[in-house]
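Written below as structure tokens is the structure these notes are about.
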Ligand code: SF4
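Numbering (the numbering used here), first residue to last: 4 to 357.
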């Protein structure tokens, strides 16, 4: 069956043949806790005959989500610790997050903001709160970049997006506006002329960070949506989450990064999964992640290499966690490993003169 609207209940999922009747009772407990949404584009990509389908794993609820580990947190990356006014997260000096909306076209089962997004989540920023958020940005001349995230900002209407861009256009010190979104992949038809026009404002450079985790997500329609954005002057970068059972092998990661580059999207971040509640079934160890990222080095072009990052729990920000390829031997000498893992001295040892 082809879905014609987003599937948002366990009944919808069963009717679409994406879960069995026997699973429904248990998955209803998950659905009561965390929002469900699978767009027609994503439902069409799922192979219901494959119990390990990497697209299904991202969007179809799983009983494992009811298992909560002690180290998991409702606010795993510590947004709350850096929120001076509602809707703003000011963690780094020169940039802020503006969380205008807490709704998404799909609900990812590993979402790091799963306690905040969804129909029962924090909703859309009210107009007074929006005024305060813009006043905060205007009052802080060190803010060079505003990152619209949430939720997915591209669920807002072109009219609302244009009004946000217009207000940012009036703040001289903001030069870059970045949107974090899954829309070009999960709802590519939404990326039309009106939406693209709404993302641009005079004097600002618009970046769009596309969230995708498996090469199959970059369908012909998704590619066409990305091409419309890039052709219109929007600079695109990628972000992906390293997820067990979705992309935790070198072939899939290499194909994903190449697909980004082929679509004129520069690979940017590969996130180690956050400690969101009920997501332990998605997490690899840091060592496993480092080994996978190291295996990409010699295998695919430098253009295809993302930064492997961890958001330090508690709101301490991102840090790159790739395995180090250089060791300090002391006295200004180092051992550096090439992409085969072979060690070399740096600077090279100069043979003694006879
Ligand atoms: S689109 Fe982003 S914010 Fe929304 S559910 Fe997925 S990971 Fe979370």
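For glycine and all other residues, C-beta sits at the position ideal for the given N, C-alpha and C.
Check your understanding: residue 182 bridges to which residues according to DSSP?
Key -> Answer is 151, 211.
Point to revise | Stretch-stretch touch, CB-based, cutoff 8 Å, three pairs: the stretch 35 to 49 with the stretch 259 to 273 | key: Result no; under three Cβ-Cβ pairs closer than 8 Å.
Review point. Alpha carbon to alpha carbon, what distance is there between residue 249 and residue 56?
Key: About 8 Å.
Point to revise | Expected contact under 8 Å - CB spacing of residue 62 and residue 246 to nearest Å | key: Residue 62 to residue 246, Cβ: 12 Å. No contact.
Review point. Just checking, does the stretch 288 to 295 make contact with the stretch 66 to 79 on the three C-beta pairs under 8 Å criterion?
Key: No contact exists between the stretch 288 to 295 and the stretch 66 to 79.
Exercise for review: Please report how far the alpha carbon of residue 34 lies from the alpha carbon of residue 255, in whole angstroms.
Suggested key: About 29 Å.
Exercise for review: State whether the stretch 190 to 202 contacts the stretch 157 to 171, with contact taken as three or more CB pairs (one from each stretch) at a distance under 8 Å.
Suggested key: The stretch 190 to 202, when compared against the stretch 157 to 171, does touch it at the 8 Å Cβ threshold.
Point to revise | Presumed contact (8 Å Cβ cut-off) between residue 188 and residue 136, rounded CB distance | key: With 8 Å as the limit, residue 188 and residue 136 do not qualify as a contact, their Cβ atoms being about 27 Å apart.
Check your understanding: Would you say residue 185 and residue 155 are within 8 Å of each other, going by their C-beta atoms?
Key -> Against a cut-off of 8 Å, the Cβ pair of residue 155 and residue 185 comes out as a contact.
Check your understanding: Which residue from 144, 180, 214, 23 puts its Cα closest to that of residue 53?
Key -> Taking each of 144, 180, 214, 23 in turn and checking the Cα distance to residue 53, the smallest one comes out for 23.
Check your understanding: Could you give the distance in angstroms between the alpha-carbon of residue 25 and the alpha-carbon of residue 36?
Key -> Taking the straight line from one Cα to the other gives about 19 Å.
Check your understanding: Skipping 5 residues on each side, what residues in its chain have a beta carbon closer than 6 Å to that of residue 388?
Key -> Any answer about residue 388 is impossible in this case: the structure gives the chain only from 4 up to 357.
Review point. Just to check, is the beta-carbon of residue 116 closer than 7 Å to a non-hydrogen atom of the ligand SF4?
Key: Because some heavy atom of the ligand SF4 lies under 7 Å away, the Cβ of residue 116 counts as near it: yes.
Review point. Around the C-beta of residue 315, are 16 or more other C-beta atoms found within 10 angstroms, so that it is buried, or is it exposed?
Key: Its Cβ having fewer than 16 others within 10 Å, residue 315 is exposed.
Practice item. Output yes or no for whether 8 Å exceeds the beta carbon distance between residue 41 and residue 109. Key: In this structure, residue 109 lies closer than 8 Å to residue 41 by Cβ.
Point to revise | Extent of the continuous beta strand (DSSP E) to which residue 276 belongs | key: Taken as a continuous stretch (DSSP letters only), residue 276 belongs to no beta strand (DSSP E), as it is neither H nor E.
Review point. Among the residues of its own chain, which have a CB less than 6 Å from the CB of residue 92, if the five just before and after it don't count?
Key: So the list reads 82, 85, 86, 100, once near-sequence residues are dropped.
Exercise for review: Could you check how far apart the C-beta atoms of residue 21 and residue 51 are, in whole angstroms? I think they sit under 8 Å.
Suggested key: Right, their Cβ atoms sit about 6 Å apart.
Practice item. Quick one: which unbroken beta strand (DSSP E) runs of 3-plus residues sit fully inside the stretch 52 to 119? Chain order, please. Key: Runs of the beta strand (DSSP E) inside the stretch 52 to 119: 91 to 95, 98 to 104.
Practice item. Determine the direct distance from the alpha carbon of residue 355 to that of residue 241, and round the result to whole angstroms. Key: Their Cα atoms are separated by approximately 49 Å.
Check your understanding: What is the DSSP secondary structure of residue 194, counted as helix, strand or coil?
Key -> The three-state secondary structure of residue 194, taken from DSSP, is coil.
Exercise for review: For residue 18, I'd like the list of residues in its chain whose CB is within less than 6 Å of its CB, leaving aside the five on either flank, ordered along the chain.
Suggested key: Taking C-beta separations shorter than 6 Å and ignoring five residues to either side along the sequence, residue 18 has no partners in its chain.
Review point. For the 8 Å Cβ check, are there 3 or more pairs between the stretch 273 to 280 and the stretch 314 to 329?
Key: Segments in contact, yes.
Point to revise | Secondary structure of residue 329, DSSP reduced to three states | key: Here residue 329 carries a strand assignment [DSSP, helix/strand/coil].
Point to revise | Local Cβ density within 10 Å of residue 14, reported as buried at 16 or more and exposed below that | key: Counting C-beta atoms within 10 angstroms of its own C-beta, residue 14 has fewer than 16 neighbours from the protein chains shown and is therefore classed as exposed.
Practice item. Could you name the residues that DSSP lists as bridge partners for residue 336? Key: 333, per the DSSP bridge assignment.
Practice item. Could you tell me which residues DSSP pairs with residue 310 in its beta bridges? Key: Residue pairing by DSSP puts residue 310 in a beta bridge opposite 272.
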